[in-house]
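> Residue numbering for the sequence shown follows the numbering used here, beginning at 20 and increasing consecutively. The structure is given below, and queries will be raised subsequently.
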Amino acid sequence: MTEGVALLVSGLAQAFDPTTLGLCLAGVLLGTLVGVLPGLGPVATIALLLPITFSLPTAGALIMLAGIYYGAQYGSSTTAILLRVPGEASGVVTAQEGYRLAQAGRGGPALGIAALASLVGGVLSALALAVVMIPLARWSVTIGPAETACLMVLGIAAAVALTRGSLTANWALAAFGALLGLIGTDVAGGHPRFTFGIPELRDGIGFIPLAMGLFGVAELIRALGAREQDSPPLSATSAWPTRADLTSALAPAVRGGVIGTAVGLLPGASTLLAALAAQASERGLFRRHGAWGHGEMAGVAAPEAANNAAAQSSFAPLLALGLPANAVMAVIAGAMVLQGVAPGPAVVTHHPELIGAIIASLLLGNGMLVVLNLPLVGLWVAVLRVPLRWLAAFVVVVSCGGLWISTGSAVDLWLLLAFSLLGWALLRAGMDATPVLTGFVLAPPFEEALRRTLVLARGDWGVFLESPLSATLLVATVGVTGIAVWRTHWSVSLRPSGNCK
Numbered sequence: 020m021t022e023g024v025a026l027l028v029s030g031l032a033q034a035f036d037p038t039t040l041g042l043c044l045a046g047v048l049l050g051t052l053v054g055v056l057p058g059l060g061p062v063a064t065i066a067l068l069l070p071i072t073f074s075l076p077t078a079g080a081l082i083m084l085a086g087i088y089y090g091a092q093y094g095s096s097t098t099a100i101l102l103r104v105p106g107e108a109s110g111v112v113t114a115q116e117g118y119r120l121a122q123a124g125r126g127g128p129a130l131g132i133a134a135l136a137s138l139v140g141g142v143l144s145a146l147a148l149a150v151v152m153i154p155l156a157r158w159s160v161t162i163g164p165a166e167t168a169c170l171m172v173l174g175i176a177a178a179v180a181l182t183r184g185s186l187t188a189n190w191a192l193a194a195f196g197a198l199l200g201l202i203g204t205d206v207a208g209g210h211p212r213f214t215f216g217i218p219e220l221r222d223g224i225g226f227i228p229l230a231m232g233l234f235g236v237a238e239l240i241r242a243l244g245a246r247e248q249d250s251p252p253l254s255a256t257s258a259w260p261t262r263a264d265l266t267s268a269l270a271p272a273v274r275g276g277v278i279g280t281a282v283g284l285l286p287g288a289s290t291l292l293a294a295l296a297a298q299a300s301e302r303g304l305f306r307r308h309g310a311w312g313h314g315e316m317a318g319v320a321a322p323e324a325a326n327n328a329a330a331q332s333s334f335a336p337l338l339a340l341g342l343p344a345n346a347v348m349a350v351i352a353g354a355m356v357l358q359g360v361a362p363g364p365a366v367v368t369h370h371p372e373l374i375g376a377i378i379a380s381l382l383l384g385n386g387m388l389v390v391l392n393l394p395l396v397g398l399w400v401a402v403l404r405v406p407l408r409w410l411a412a413f414v415v416v417v418s419c420g421g422l423w424i425s426t427g428s429a430v431d432l433w434l435l436l437a438f439s440l441l442g443w444a445l446l447r448a449g450m451d452a453t454p455v456l457t458g459f460v461l462a463p464p465f466e467e468a469l470r471r472t473l474v475l476a477r478g479d480w481g482v483f484l485e486s487p488l489s490a491t492l493l494v495a496t497v498g499v500t501g502i503a504v505w506r507t508h509w510s511v512s513l514r515p516s517g518n519c520k
């Protein structure tokens, strides 16, 4: 604890430097814009900005890139809530309750709660980073590929268990998503896999056409088909959360922040896993009230706090262990190398002031996000007043344009069309596409971790039971699946048979 406080205090002076503050502000602003605009993402944005970081101070460059990452998490909630178009994978979870709130004319309060919950999660995560960073560097040898693989399995099982509909259908959708995630070049042999002779698929299917099609464009097709041409009416007073909204969202935001921080500390975890775990917690608490699924503020607060907390705590595996938790952290790791700082335990030993500055900037950046974005809630709510036919046309054009700019591939446009039709078909069938996206995101890191584990263990599958952590994660996976099966059979057994008079 004392080491953590000293680490945070040492970074405050550097974080309050005018140049550093300016870079932090630029990062969160750009990140919010990247999250709001369909078709863009923090990975591509950070990668494009790497040449600029050469001329920036090391701390300032990393603080700006970090701001883009967690700023995009917040920005993604805007389109996820208002349009059901998640800019990031974790936005899928927020969209489930947030979009229902927007349809009910409560998009403004939902955006306000998302901003405040992100602040709560970000502050909790930054404080936790200050406490755990140094001990984590000392504990780095205990996390291996076996634990990472088990964590991925638990994430898929949780997504399947928490999604409405048939468990069998949800597992099939998750398996389909995993197959989509494995399309591309085999990392071990270097051979094309499931590409069907299409050269553009050698690098795999991108997240952008999949997420846009399954969730954004599919929802617009469904809404237009249902002749929902008019947006929900919004009064001037409906753009801000009420006291009841704030009260009901506070505890879920705190719980989501704690869960997201814990998940982000694990190598291989993601903001999607954090949001799913937070949703699982709140869904279990709200099950007795029967309110879940009809637009609940806790369904916005918990995943938003969790994904922002996980985005920030994922710096711990990178800085303390040298393990990037996701694609964004991998790009930031490259930025560190370009600055002459190798990520890993040596950073804690030789550059503690850098870690302190990053942690302090997380506190400042989250405050900037709230101050800058809360006044814009009314602007985003005004989007709902636009007739749906015009809004749909705008979203589709911007989505296709952003997709073309980011990839330059006509194949991605065809994939967007295919996934849009698939998402629309799933909506027509009353099914949720969340397991598809979860399987898609988690399959590649699971495959890599599984291969590394079996290579190190010389093909011995019993290695997954040797580590207490991996064994615990497997038990949790079985427990989550078992509870889901039990609940399904329990609800069926309680359903009236239809023969009662």
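Even glycine gets a Cβ: it sits at the ideal position worked out from N, Cα and C.
From this set, ASP264, MET387, ALA330 and GLN298, which residue's C-alpha is nearest SER144's C-alpha?
Among ASP264, MET387, ALA330 and GLN298, the Cα nearest to that of SER144 belongs to ALA330.
> Among residues of its own chain, excluding the 5 on either side of ALA272, which ones have a beta-carbon nearer than 6 angstroms to its beta-carbon?
Answer for ALA272: ALA136, VAL139, ALA320 and ALA324, listed in chain order.
> Nearer than 8 angstroms: is that true of the beta carbon of PRO463 relative to any heavy atom of the ligand MG?
Ligands are entirely absent from the displayed structure, and the ligand MG is therefore not among its contents.
> Taking its Cβ as the centre, do 16 or more other Cβ atoms sit within 10 Å of SER380, making it buried, or is it exposed?
Burial call: buried.
> Can you give the beta carbon distance from LEU295 to GLY110, rounded, assuming they're within the 8 angstroms contact cut?
Not a contact, Cβ separation roughly 12 angstroms.
> In chain order, what residues of the same chain lie with their CB nearer than 7 angstroms to the CB of PRO371, ignoring the 5 residues before and after it?
Taken in chain order, the residues that qualify are LEU26 and SER29.
> Under the three-state reduction of DSSP, which class applies to GLY203: helix, strand or coil?
Reduced to three states, the DSSP call for GLY203 is strand.
> Is GLU247 helix, strand or coil when you go by DSSP?
At GLU247 the pLDDT is 47, less than 50, meaning the model places this residue with poor confidence and gives no usable figure here.
> I'd like the list of long-range same chain contacts for ALA194, defined as Cβ closer than 7 angstroms, with 5 residues on each side in sequence excluded.
Excluding positions up to five away in sequence, the list reads GLY458.
> Going along the chain, which residues of its own chain have a beta-carbon closer than 6 angstroms to the beta-carbon of PRO463, five neighbours each way excluded?
GLY200, listed in sequence order.
> Helix or strand or just coil, what does DSSP make of ARG212?
Strand, per DSSP.
> Skipping 5 residues on each side, what residues in its chain have a beta carbon closer than 6 angstroms to that of TYR89?
Closer than 6 angstroms at Cβ, skipping near neighbours: ASN327, ALA330 and GLN331.
> Is the Cβ-Cβ distance between LEU49 and GLY86 less than 9 angstroms?
Their beta carbons are under 9 angstroms apart, which means LEU49 touches GLY86 by this criterion.
> If you drop the 5 nearest sequence neighbours on each side, which residues of the same chain put their C-beta closer than 7 angstroms to that of ALA411?
Taken in chain order, the residues that qualify are LEU239 and LEU243.
> Quick check on the DSSP output: the alpha helix (DSSP H) that includes LEU473 runs from which residue to which?
Taken as a continuous stretch (DSSP letters only), the alpha helix (DSSP H) holding LEU473 covers 453 to 475.
> Three or more C-beta pairs closer than 8 angstroms, one from the segment 343 to 362 and one from the segment 70 to 77: is that the case here?
Yes, the segment 343 to 362 is in contact with the segment 70 to 77.
> Can you give me the Cβ contacts of ALA317 inside the same chain, cut-off strictly under 6 angstroms, excluding the 5 residues immediately before and after it?
These residues qualify, in order along the chain: PRO271 and GLU301.
> By the DSSP assignment, the alpha helix (DSSP H) with LEU432 in it spans what residues?
From DSSP, the alpha helix (DSSP H) with LEU432 extends over 429 to 447.
> Could you have a look at SER267 and say whether DSSP puts it in helix, strand or coil?
It is helical.
> Beta-carbon within less than 6 angstroms of ALA114's beta-carbon, same chain only, minus the 5 sequence neighbours each way: which residues are those?
Closer than 6 angstroms at Cβ, skipping near neighbours: ALA99, ARG103 and PRO105.
> What is the residue span of the alpha helix (DSSP H) that SER380 lies within?
Counting along the chain, the alpha helix (DSSP H) containing SER380 begins and ends at 371 to 392.
> Can you grab the Cα-Cα spacing for the pair GLU466 / PRO336, in whole Å?
Looking at the two C-alpha atoms, the distance is approximately 20 angstroms.
> Beta-carbon within less than 7 angstroms of SER439's beta-carbon, same chain only, minus the 5 sequence neighbours each way: which residues are those?
For SER439, where only same-chain residues beyond five positions count, the Cβ hits under 7 angstroms are GLY232, VAL236, ALA237 and ILE240.
> Measuring only the C-alpha atoms, how far is ALA129 from PRO37?
Straight-line Cα distance between these residues: approximately 33 angstroms.
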